[in-house]
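Everything below concerns the one structure shown next.
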Amino acid sequence: MVKTFQAYLSNCHRTYSCIHCRAHLANHDELISKSFQGSQGRAYLFNSVVNVGCGPAEERVLLTGLHAVADIYCECCKTTLGWKYLIVVYHCCCGYLSFEKL
2 MVKTFQAYLS NCHRTYSCIH CRAHLANHDE LISKSFQGSQ GRAYLFNSVV
52 NVGCGPAEER VLLTGLHAVA DIYCECCKTT LGWKYLIVVY HCCCGYLSFE
102 KL
């Protein structure tokens, strides 16, 4: 069975991929922080990603307060990857994506 990806990051010297199906998710240049804190430990914070779907919005209490977030998952294998900020108190995080190490 051949897997096809929605987006292939061919011009990148370093990419981040889904741990299960190896679909490309982000270019290294989109990485903002490796020391971001998720609910289950260390997480990566990205400016933008590809090949991800977005679940329904919900409010969650995070370390920095109440935020509207949505879970994100790999479009190819449907593995939950982390979550996405939708509305945040701090402008600097708006629109960024966090991948938690699950």
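Numbering (the working numbering), first residue to last: 2 to 103. For glycine and all other residues, C-beta sits at the position ideal for the given N, C-alpha and C. Owing to the predicted nature of the structure, the values given are computational and were not obtained by experimental measurement.
{"Item": "Beta-ladder partner(s) of C19, from DSSP", "Value": "C19 pairs with nothing; no bridge assigned."}
{"Item": "Proximal residues to S18 (C-beta, below 7 Å), its chain only, five neighbours per side dropped", "Value": "A24, H25, L26"}
{"Item": "C-beta contact flag for E31 and S11 at 7 Å", "Value": "no"}
{"Item": "Under 7 Å between C-beta atoms of T81 and D72", "Value": "yes"}
{"Item": "Paired residues, beta bridge with E59 - DSSP", "Value": "V70"}
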